[in-house]
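Chains as they are written, first to last, in this note's numbering: chain A, 1 to 132; chain B, 133 to 205. Ideal Cβ positions, reconstructed from N, Cα and C, are used throughout, including at glycine.
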């Protein structure tokens, strides 16, 4: 298993896939330099969230869904999909959620944390183009 | 012993396939490589909300880089 430092480095690398560096190197911007800047940015966000977590209770109070289990949050998204007329997507999502093993049977230690991450990232990327 | 390890490996593979499909249905923009990295970061105890903020920031940075590339073309 890798350390958090190595994994964050790998995440920065993967976010730079598809960027051409040949001409950029001529302009003084190297992949290594940009990757270092990305890592600084990633640690900055992580640390800012760490401090926010410490003050959350006293400042704004927990949000209504803060303690909702991630599986229920996905079911809430399914409901929203149905309401907006995307019945097929809602059914596929419910189907996959039923297939997702819980706890140790998943082979992962933090399957719910991963599901929580997916909920936070939901809709952060444009949907794939529909074929006619 | 080896059989137990194989069983666990199969369970991980199956779980990862389901997580990738859920990720695709939710339009998270994660591919299998970045999802695997995220799973390992969550296993290391990184808060998922903080990790999602990191991913969004990294996307912004790389998209601005790609946009500047298009401008110079």
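Query, Result
"Interface residues of chain B facing residue 127 of chain A [CB-CB closer than 7 Å]", "159"
"Nearest-angstrom beta carbon gap, residue 42 of chain A and residue 189 of chain B [assumed within contact, 8 Å]", "7 Å"
"Exposed unless 16 or more other CB atoms sit within 10 angstroms - verdict on residue 6 of chain A", "exposed"
"Within 8 Å of chain B by C-beta, residues of the region 79 to 110 of chain A in sequence order", "89, 92, 93, 96, 97, 99, 100, 101, 105, 106, 107, 108, 109, 110"
"Residue 109 of chain A in three-state terms, based on DSSP", "coil"
"Candidates A:117, A:46, A:125, A:109: closest to residue 8 of chain A by CA position", "A:46"
"Contact check, residue 83 of chain A vs residue 147 of chain B, beta carbons under 8 Å", "no"
"Residue 181 of chain B at chain A interface by Cβ criterion, 8 Å", "yes"
"Under 8 Å between C-beta atoms of residue 115 of chain A and residue 71 of chain A", "yes"
"CB contact below 8 Å: residue 49 of chain A versus chain B", "yes"
"For residue 113 of chain A and residue 174 of chain B, the rounded distance between their alpha carbons", "6 Å"
"Contacts around residue 81 of chain A, its chain only, beta-carbon distance under 6 Å, and the 5 residues preceding and following it disregarded", "89, 90"
"Spatial distance of residue 44 of chain A from residue 135 of chain B (CA atoms)", "43 Å"
"Contacts around residue 93 of chain A, its chain only, beta-carbon distance under 8 Å, and the 5 residues preceding and following it disregarded", "74, 77, 78, 81"
"Proximity test, Cβ basis, 8 Å: residue 32 of chain A and chain B", "no"
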